[in-house]
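In the working numbering, the protein residues as written are 1076 to 2018.
Just below is one structure, and these are the notes that go with it.
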């Protein structure tokens, strides 16, 4: 819930601004408080969370600002009343509408630009939406290229299992995520969030404007950040991590070597604050705090003070040592040993002849521990008391001298003993001890002039707890160097931490409820109170309090968004959105993809997807319209109502969609009957075609009843026409054919009868001439006539323009028909030439046979032409039927027909002249394999 506390008029921006739970005053601008992390990631999470409203300016004409509103873009003004809800997306110059709910009916409008008119939103230039079984495309030219891909936004493009959200967003890497304008995720499992963000390597993550992650498993978080090598990380504006395994933290931070953490660059350093005290041990790799270094520094200062005191003491000791050394040198000249097991010599460097052993009180000393010396004339060895005692008896005279010698020896022995207490060696190869028998606390090494001395040849002392060894100048110099470096590092860390603290003022995390830590698995991201990103699986992303991405490669964005464990590659965006099945996508508060709905998509608040490979824009009660879509151009594109109306308009008959989306059936006037469907109209046409076919078949039957095929060809090679019927067939109504040389026209019975009459008259005249009687016997030519000619009507008399069949010598070309004669005197008859008569009859028979053959050939040709016409008719019918139902402006059809061995092909083109389809123009042509051709042009107009 985003509670609004106050509205204030902003004179500079000329609009109302609001003070709400999610807004934070910062000078003249309102800042967004998002999730913990970098500002760009927080902003992205806020953009994707559909249940919380972002504080936005309110225009002067708006009265209320509802909950669950989302305003995205620069200068966007968002106002919603009780009857309309919808987020506006875009800049102040051209707002973009995404998912606008229309008044009352709660339908969805999507558009490239949208203008508000009262409480109703109108949209133009609709973005295209393409849906397939396992992909989601939303936006103009959006392309989900492979299965399980999601592309949302103009020109967005997603690959296998990838998600691309935003204009020109590209998710070309398999199972990658790209959110933001011009963002690109080319690497496998890559994540790019933000405008121009680029994650081009395996497992790389780039979040923020122009963030670039080109190294394998690299992370780039912040505006203009760049991570170039494997495992590199860059956090903060302009941070550059260009070395393998290195980390750059803070604005403009950059790395200089592999496996290092940088909080700045060569010109800017930062402090590292609020660091827990690390373990200080020989095998520890933990960072230490300033307090620990301060304690070490105190120890170093104490050691330095002690070293200085030791230096003073050493100087005093050196002076004293010099004195002692001088004395030792003198003593060395006085006391010397040749070897450990050898003799000890006193006064070796002294040229005196007396060994004075008296003490400082000038008291005599005893020499003890002497071995018995050789007693001889040449002996120079000291003798013992025992020897003296032994000789005392014999030399009492020397008693006084001996006693004096004893006193002197005792004195020398005391001095040696005192010197031995100041300078002592445990062994020749052991330690040398100074002042062993002295109870004082100071070793004064000043020289005789009270000048300080330098102690040289000192070995490095042990620098450990409880050590009392003297340290050398080299050790102190090394300690001073480390202390100086530590001071510099502490100062640098403090500066970096101050910068981080300064930058963190712009990132805020709200007060948690359960205050549980976020959990994430390998390659996963979890941000928010109790966020859970599949710790046992790879690639899960959970952003928002109580969000749970339990499936592998799943994404849950928004408070309490939940992708269940079985929903591998699921995507839930919005408060309390749920995805229960693999490859499911739920967009909107309370949206869900139920169990068993594989590859399903639920878009919009409260939408539920219950079937696999489906897209749901609501539920059983709440339903939405998908509006402002471009006209589909491919087989997999969505079809608009405009296209459906266009398709229905091509059917004609007034077919269309009414205001409620119902289809108004067409009305066709076919064969004087009204038909309401295309099928019924085609049925009527089919019946008409069948009737026409039956008529053609009847005509063909009639032709076959007239003509019949001959099994053999004529021997002379001429074609012949054979009429059907067992007794033959009479051809009637035949016009007079040309009777002349070379004529191929048929002659009729009247012409043959005229020839017969002429022949009869001439034969009768010949017979009369031959027999010489007046009675003309029946001519032999009468046998040529059929018996039916006896009952024939009388032949009309021949006219002058009738043409005869043959020329009989000098006989006239045409002669009048014989007339009944009255009784007249008989005239003599000419003599008949029988051979010439036979020739004439043969010529008449040949001419009749030629006429019969010509008629047969013509009838055969006519029969074939009828078959070719039937084939052309079938081809044109097939062509016309296949172009009638095409819902396009240009239609091209072709058809092939066959009839009794003859084939034909028809090609036709039709053009729809307007959008309503009420005017058409057509052009068609048909041809056969024998050369027949036909063409037709037509125009259709309907209203």
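Note that the Cβ used here is the ideal one computed from N, Cα and C, for glycine as well.
Exclusion of the five residues before and after residue 1303 leaves 1289, 1290, 1317 as the residues of its chain whose Cβ lies within less than 6 Å of its Cβ. Residue 1975 counts as exposed, since fewer than 16 other beta carbons sit within 10 angstroms of its beta carbon. For residue 1549, the enclosing alpha helix (DSSP H) covers residues 1548-1578. Between residue 1583 and residue 1599 a beta carbon distance of about 24 Å is seen, past the 8 Å cut, so the two are scored as non-contacting. Residue nearest to residue 1746 within the set 1216, 1443, 1959, 1762 is 1762 (criterion: CA-CA distance).
Assignment of beta-bridge partners to residue 1941 by DSSP yields no partner. When C-alpha distances from residue 1265 are compared across 1709, 1364, 1275, the shortest belongs to 1275.
A straight line joining the alpha-carbon of residue 1372 with that of residue 1565 spans about 12 Å. Rounded to the nearest angstrom, the Cβ distance from residue 1603 to residue 1620 is 4 Å, consistent with a contact under 8 Å. Residues 1672, 1675 of the same chain have their beta carbon placed closer than 7 Å to that of residue 1686, with the five preceding and five following residues left out of the count.
In terms of Cβ geometry, residue 1656 and residue 1647 do not form a close pair [threshold 7 Å]. About 5 Å separates the beta carbons of residue 1277 and residue 1262, which is inside the 8 Å limit, making them a contact pair. If you draw a straight line from the Cα of residue 1736 to the Cα of residue 1946, it comes to about 45 Å. Counting the other Cβ atoms within 10 Å of the Cβ of residue 1804 gives fewer than 16, which makes it exposed. Around the beta carbon of residue 1660, 16 or more other beta carbons lie within 10 angstroms, which makes this residue buried. With respect to the 7 Å criterion, residue 1235 and residue 1221 are classified as neighbours on the basis of their beta carbons.
When rounded, the separation of the alpha-carbon atoms in residue 1992 and residue 1662 is 41 Å.
Nearest Cα to residue 1605 within the set 2006, 1635, 1556, 2004: 1635. By the neighbour-count definition (other C-beta atoms within 10 Å, threshold 16), residue 1576 is an exposed residue.
Per the coordinates, the alpha-carbon of residue 1458 lies some 32 Å from the alpha-carbon of residue 1510.
Judged by DSSP secondary structure, residue 1725 falls within the alpha helix (DSSP H) whose first and last residues are 1716-1726. For residue 1083, the number of other beta carbons within 10 angstroms of its own is below 16, and it is reported as exposed. Look at the region 1247-1308 and you find these whole runs of beta strand (DSSP E), each 3 residues long or longer: 1252-1254, 1266-1268, 1280-1282, 1294-1296.
Secondary structure at residue 1359: coil, using DSSP grouped into helix, strand and coil. Approximately 4 Å separates the beta-carbon atoms of residue 1994 and residue 1988; this is inside 8 Å, confirming the contact.
Residues of the same chain with a CB within less than 6 Å of the CB of residue 1998, apart from the 5 flanking positions on each side, are 1984, 2012 in chain order.
Using a Cβ distance threshold of 7 Å, residue 1228 and residue 1214 count as a contacting pair. Per DSSP, residue 1819 lies in no beta strand (DSSP E) segment and is marked neither H nor E.
Within a 10 Å sphere around the beta-carbon of residue 1813 sit fewer than 16 other beta-carbons, which makes this residue exposed. Here residue 1331 is exposed: its Cβ has fewer than 16 other Cβ atoms, across all protein chains shown, within 10 Å. Scanning its chain for C-beta atoms nearer than 6 Å, with the 5 sequence neighbours on each side dropped, one finds around residue 1693 the residues 1682, 1699, in chain order. With a threshold of 16 other beta carbon atoms within 10 Å, residue 2018 falls short and is exposed.
The alpha-carbon of residue 1447 is positioned some 15 Å away from that of residue 1441. For residue 1659, there is no enclosing beta strand (DSSP E), as DSSP marks it with neither H nor E. Here the alpha carbons of residue 1774 and residue 1940 stand approximately 13 Å from one another.
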